[in-house]
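Right, one structure below, let's go through it.
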Amino acid sequence: MMVTCRSFVLRQLFTDEGDPAVQAGVRIRRRPGLPSSPSVYRAAAEWIQECSTTHVCTATPLELDMPSHVSKPARLLDLQAFLGDSDDVKLVRVKDRDQGYATLSYCWGETMPKGSTTALSNIQERELRLLIADLPQTLRDAIQVTRWLSIRYLWIDAVSIIQDSHEDWELKSAKMASIYGNGLISIAVELSSNCLDGFLTCKPEEQDICFDRMVQFSNILSTGELSNLYV
Numbered sequence: 102m103m104v105t106c107r108s109f110v111l112r113q114l115f116t117d118e119g120d121p122a123v124q125a126g127v128r129i130r131r132r133p134g135l136p137s138s139p140s141v142y143r144a145a146a147e148w149i150q151e152c153s154t155t156h157v158c159t160a161t162p163l164e165l166d167m168p169s170h171v172s173k174p175a176r177l178l179d180l181q182a183f184l185g186d187s188d189d190v191k192l193v194r195v196k197d198r199d200q201g202y203a204t205l206s207y208c209w210g211e212t213m214p215k216g217s218t219t220a221l222s223n224i225q226e227r228e229l230r231l232l233i234a235d236l237p238q239t240l241r242d243a244i245q246v247t248r249w250l251s252i253r254y255l256w257i258d259a260v261s262i263i264q265d266s267h268e269d270w271e272l273k274s275a276k277m278a279s280i281y282g283n284g285l286i287s288i289a290v291e292l293s294s295n296c297l298d299g300f301l302t303c304k305p306e307e308q309d310i311c312f313d314r315m316v317q318f319s320n321i322l323s324t325g326e327l328s329n330l331y332v
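Just add 101 to the spot in the sequence shown (first one is 1) and you have this note's numbering.
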């Protein structure tokens, strides 16, 4: 799982324990924990807070630097609609154009399970209640992650766009880049080939793939010391 904040990707430089770059503030490279571990969410929350408070990207809408053309979602999943009563959610029409929201980037696979997408036949029902059980595992996991990060709203293409409405699809899909770019965060599921797999129960060997994919390069610090960095 990778978390991005607006147009700034929250990937940082890392180094090995004992490397002189540690003294310069570079983080130590550690084998990642499971996606559902508390340490992962503490780190993500820290990154989001850092981006929200220190990065200038929050001041400029992401659409050719033209605020009048900024596209926000027309529909979002309200993850707090039944808080304390049920894990279910509901589809809401966005009234507050500045409402913060998360987005999900994932692979559908060959097909989306029947009944899991929003259609003309079920949109009114989903605006009252959307059963978590009706969604594939990846979408359920995204809802859980968004809740853990204390974000109320989530945009998912399969749910927020009426899939059997040509008009709705043409209109909303044309704005998709801006919708992703202007979200508070984007949850990117990188190691799944379909929407059924989920991502909160990654196997240890899958976590190792992410760790081993880091690119290493040497760098000479201002102190003249040689350092090994990873990105």
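Where a beta carbon is used, it is the ideal one built from N, C-alpha and C, also for glycine.
Buried/exposed call for Leu327, threshold 16 Cβ in 10 Å
exposed
Beta-carbon within less than 7 angstroms of Tyr207's beta-carbon, same chain only, minus the 5 sequence neighbours each way: which residues are those?
Thr239, Val290, Ser293, Cys296
C-beta contact flag for Ile257 and Leu184 at 8 angstroms:
no
In the DSSP output, which residue or residues are listed as bridge partners for Ala278?
DSSP output for Ala278 lists no bridge partner at all.
Arg130 in three-state terms, based on DSSP:
coil
Going by C-alpha to C-alpha distance, which of Ile129, Tyr331, Ala275 sits closest to Ile262?
Ala275
Less than 8 angstroms separating the beta-carbons of Ala220 and Leu255?
no
Own chain partners of Arg230 with C-beta closer than 6 angstroms, once the 5 adjacent residues on each side are dropped:
Asp189, Lys191
Suppose the cutoff is 6 angstroms on Cβ atoms and the five residues either side in sequence are ignored; what does the same chain contact list for Pro237 look like?
Pro214, Ser217, Cys296, Leu297
Between Ile321 and Trp249, what straight-line distance do the alpha-carbon atoms span, to the nearest angstrom?
39 angstroms
Please state whether DSSP places Leu322 in a helix, a strand or coil.
coil
Classify Lys191 as helix, strand or coil using the three-state DSSP reduction.
strand
Just mark Leu232 as buried or exposed, buried being the case when its beta carbon has 16 or more other beta carbons within 10 Å.
exposed
Using the rule of at least 16 other Cβ atoms within 10 Å of the residue's Cβ for burial, across every protein chain shown, is Arg176 buried or exposed?
buried
Assign Val316 to one of two classes, buried (16 or more other C-beta atoms within 10 Å of its C-beta) or exposed (fewer than that).
exposed
Beta-ladder partner(s) of Asp265, from DSSP
Answer is none; Asp265 lacks a bridge partner.
Quick one: grab the DSSP three-state call for Asp179.
strand
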